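Participant: One structure coming up, written as structure tokens, with questions to follow.
Number of protein chains: 2
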Amino acid sequence: MVKSEEVIEELKKIVKQKGLKYTEQREIVLNVLLHADDHLTAEEIYNLIKTKRPDSNIGIATVYRALGFLEEVNLITSIAFGADGKKYESNTKDHHDHLICTNCGKIVEFMDDEIEKRQDRIAKKNKFRITSHSMQIYGICASCQ
Amino acid sequence: MVKSEEVIEELKKIVKQKGLKYTEQREIVLNVLLHADDHLTAEEIYNLIKTKRPDSNIGIATVYRALGFLEEVNLITSIAFGADGKKYESNTKDHHDHLICTNCGKIVEFMDDEIEKRQDRIAKKNKFRITSHSMQIYGICASCQ
DNA sequence: TTTACTGCAAACCCTTTGCAATTCG
DNA sequence: CGAATTGCAAAGGGTTTGCAGTAAA
Chain U
4 MVKSEEVIEE
14 LKKIVKQKGL
24 KYTEQREIVL
34 NVLLHADDHL
44 TAEEIYNLIK
54 TKRPDSNIGI
64 ATVYRALGFL
74 EEVNLITSIA
84 FGADGKKYES
94 NTKDHHDHLI
104 CTNCGKIVEF
114 MDDEIEKRQD
124 RIAKKNKFRI
134 TSHSMQIYGI
144 CASCQ
Chain F
4 MVKSEEVIEE
14 LKKIVKQKGL
24 KYTEQREIVL
34 NVLLHADDHL
44 TAEEIYNLIK
54 TKRPDSNIGI
64 ATVYRALGFL
74 EEVNLITSIA
84 FGADGKKYES
94 NTKDHHDHLI
104 CTNCGKIVEF
114 MDDEIEKRQD
124 RIAKKNKFRI
134 TSHSMQIYGI
144 CASCQ
């Protein structure tokens with residue numbers, strides 16, 4: 004687990020390196036995800052910002068643009084499932100996959116070394132240069148059964 | 004691999020059992036997927052029907068409704084990735100996961116027993132009643148490297 | 001000063017819905 | 001006949017874009 008400040012620093016570095024501008028809005032969006040212990044949609048992030056920072060007059064379009072940018076530079080990742088559209092999380096956590104309750108939407112993270120190894124092997128066998136993977140197990144969680 | 008006619012028969016059975024009506028449109032949509040060797044979006048299916056069956060005056064809404072129905076009764080499945088929205092395939096093939104080329108969009112199917120077993124175990128450990136899973140490995144295929 | 005970035009609103013795409021007409025049972 | 005299904009067009013939801021104004025370098 005990486006510290007929030009370090010990630011913010013990294014954002015500053017990336018922005019500078021690309022000759023872009025550092026703005027409060029991008030920082031706020033990243034910060035929300037750094038402190039969320041859940042996967043959030045663009046709209047949820049927007050609403051959170053509206054609530055927690057009523058002074059910052061951010062627009063939903065800016066949230067989308069920031070999310071796109073942050074995902075592009077790999078500071079955050081997204082998964083898409085169901086009808087909720089994309090859900091984002093910060094990319095500072097260790098790699099993991101997702102168990103998703105199709106009833107209440109709850110997401111549990113997990114990680115299995117053997118599965119990871121086998122994925123690499125499968126990609127190699129098919130002559131794919133693997134860049135990432137995404138694995139979701141869908142089911143009904145204990146409290147929804 | 005199951006024969007197309009058998010699946011069509013199954014559709015007839017399901018429809019009758021549910022007290023619904025058997026329509027040519029649902030059959031056409033299912034048939035397109037049974038003969039596709041690729042994963043298709045709703046719009047691709049719609050366009051295919053328009054081309055191959057110019058006489059059938061089907062509407063895009065009907066395609067969506069048919070796809071929803073067919074997925075509900077488990078004759079087809081869908082995966083969502085990238086910006087293309089849901090892609091459908093018939094459910095008569097044996098279970099498999101997907102290797103996806105992020106450059107050309109090519110999809111390679113694979114299956115690994117050990118991964119399947121481990122998924123079941125992980126779900127059990129987290130007290131999830133597993134209903135399905137979806138696993139995609141993203142990378143660059145041989146011909147795109 | 002220059003250029004990227006922003007907020008707003010309109011546009012956009014894909015999907016769903018309301019409805020009158022149609023078809024199946 | 002009665003109910004499910006259809007095609008059409010309009011509505012919907014989520015996301016993107018054009019633009020004039022704003023703010024970072």
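These protein sequences, in sequence, are chains U and F. The opening position of the first sequence corresponds to residue 4 in this note's numbering, with each subsequent residue numbered one higher. The opening position of the second sequence corresponds to residue 4 in this note's numbering, with each subsequent residue numbered one higher. Just so it is clear, CB atoms sit at the ideal spot from N, CA and C, and this is done for glycine as well. Keep in mind it's a predicted model, so treat the numbers as computed, not measured.
Just to confirm the assignment, what range does the alpha helix (DSSP H) spanning glutamine 139 of chain F have?
Facilitator: First-last for glutamine 139 of chain F: 132-143, but that is the beta strand (DSSP E), not the alpha helix (DSSP H).
Participant: Closer than 8 Å, Cβ to any Cβ of chain U: which residues of the region 136-147 of chain F, in chain order?
Facilitator: So the list reads His136, Ser137, Met138, Gln139, Ile140, Tyr141, Gly142, Ile143, Cys144 and Ala145, given in the order they occur along the chain.
Participant: If the cut-off is 7 Å on Cβ atoms, which residues from the region 115-139 of chain U count as contacting chain F, listed in chain order?
Facilitator: Per Cβ criterion, the list reads Asp115, Glu117, Ile118, Arg121, Gln122, Ile125, Ala126, Asn129, Lys130, Phe131, Arg132, Ile133, Thr134, Ser135, His136, Ser137, Met138 and Gln139.
Participant: Using a Cβ distance threshold of 8 Å, determine whether the region 137-146 of chain U contacts the region 135-146 of chain F, with at least three qualifying pairs required.
Facilitator: Flag = yes, the region 137-146 of chain U and the region 135-146 of chain F touch.
Participant: Are the region 108-121 of chain U and the region 117-129 of chain F touching by the rule of at least three beta carbon pairs closer than 8 Å?
Facilitator: Taking 8 Å as the limit for Cβ pairs, the verdict is that the region 117-129 of chain F does touch the region 108-121 of chain U.
Participant: Would you mind telling me which residues of chain U sit closer than 7 Å to phenylalanine 72 of chain F, beta carbon to beta carbon, in chain order?
Facilitator: By Cβ distance, chain U contributes nothing, its closest Cβ being about 17 Å from phenylalanine 72 of chain F, past 7 Å.
Participant: Just reading off the alpha helix (DSSP H) that leucine 33 of chain U is part of, what are its end residues?
Facilitator: Element bounds for leucine 33 of chain U: 27-38.
Participant: Give the straight-line distance between the Cα atoms of serine 28 of chain F and threonine 65 of chain U, rounded to the nearest whole angstrom.
Facilitator: Serine is not the amino acid found at residue 28 of chain F; the sequence shown has glutamine there. Answer to the nearest angstrom: the Cα atoms are 43 Å apart.
Participant: Considering just the uninterrupted stretch of the alpha helix (DSSP H) at valine 10 of chain F, what are its terminal residues?
Facilitator: It spans 7-20 - the alpha helix (DSSP H) in which valine 10 of chain F sits, taken as one unbroken run.
Participant: How long is the line joining the alpha carbons of glycine 142 of chain U and leucine 36 of chain U, rounded to whole angstroms?
Facilitator: About 25 Å.
Participant: As a quick exercise: from F/Ile48, F/Ser146, F/Asn129 and F/Tyr49, pick the residue whose alpha carbon is nearest that of isoleucine 110 of chain U.
Facilitator: Nearest C-alpha to isoleucine 110 of chain U: F/Asn129.
Participant: Between which two residues does the beta strand (DSSP E) containing lysine 90 of chain F stretch?
Facilitator: It spans 89-93 - the beta strand (DSSP E) in which lysine 90 of chain F sits, taken as one unbroken run.
Participant: In chain F, what lies closer than 8 Å to valine 111 of chain U by C-beta?
Facilitator: Chain F residues near valine 111 of chain U: Asn129 and Phe131.
Participant: Isoleucine 118 of chain U lies in the beta strand (DSSP E); which residues open and close that run?
Facilitator: Premise fails: isoleucine 118 of chain U lies in the alpha helix (DSSP H), 116-128, not in any beta strand (DSSP E).
Participant: Considering only residues of the same chain and omitting the five flanking positions on each side of glutamate 74 of chain U, which have a CB-CB separation below 7 Å?
Facilitator: The answer, listed in chain order, is Thr80 and Ser81.
Participant: Does threonine 80 of chain F come out as helix, strand or coil in the three-state DSSP assignment?
Facilitator: Strand.
Participant: Show which residues of chain U have a CB atom less than 8 Å away from the CB atom of leucine 102 of chain F.
Facilitator: By Cβ distance, chain U contributes Ile125, Ala126, Asn129 and Phe131.
Participant: According to the Cβ coordinates, are threonine 44 of chain F and glycine 88 of chain F closer than 7 Å?
Facilitator: Cβ distance < 7 Å, so threonine 44 of chain F and glycine 88 of chain F count as in contact.
Participant: Would aspartate 100 of chain F be called buried (16 or more neighbouring beta carbons within 10 Å of its own) or exposed?
Facilitator: By the 10 Å Cβ count, aspartate 100 of chain F comes out buried.
Participant: Could you tell me the alpha carbon to alpha carbon distance between alanine 69 of chain F and glutamate 119 of chain U, rounded to whole angstroms?
Facilitator: Using only the alpha carbons, I get a separation of about 37 Å.
Participant: Under 6 Å Cβ to Cβ from threonine 95 of chain F, same chain only, skipping five residues before and after it: list those, please.
Facilitator: Correct list, in chain order: Val5 and Val10.
Participant: Pull up the distance between the alpha-carbon of glutamate 55 of chain U and that of asparagine 34 of chain U, whole angstroms please.
Facilitator: Before going further, note that residue 55 of chain U is lysine rather than glutamate in the sequence given. Distance between the alpha carbons of lysine 55 of chain U and asparagine 34 of chain U is about 12 Å.
Participant: Work out the CA separation of tyrosine 91 of chain U and valine 18 of chain U for me, nearest whole Å.
Facilitator: Taking the straight line joining both Cα atoms gives about 20 Å.
Participant: Can you find the residues in the same chain that come closer than 8 Å, C-beta to C-beta, to lysine 15 of chain F, ignoring five residues on each side of it along the sequence?
Facilitator: Taken in chain order, the residues that qualify are Tyr25.
Participant: Name the one or two DSSP bridge partners that glutamate 46 of chain F has.
Facilitator: None; glutamate 46 of chain F has no bridge partner.
Participant: Just tell me which of U/Ile103, U/Arg121, U/Arg132 and U/Thr134 has its CA closest to the CA of alanine 145 of chain U.
Facilitator: Of U/Ile103, U/Arg121, U/Arg132 and U/Thr134, the residue nearest in Cα terms is U/Ile103.
Participant: What does the alpha-carbon distance come out to for the pair serine 7 of chain F and phenylalanine 131 of chain U?
Facilitator: Distance between the alpha carbons of serine 7 of chain F and phenylalanine 131 of chain U: 32 Å.
Participant: In chain order, what residues of the same chain have a beta carbon less than 6 Å from the beta carbon of isoleucine 61 of chain U, not counting five sequence neighbours either side?
Facilitator: Closer than 6 Å at the Cβ level, and outside the excluded window around isoleucine 61 of chain U, lie Gln28 and Ile52.
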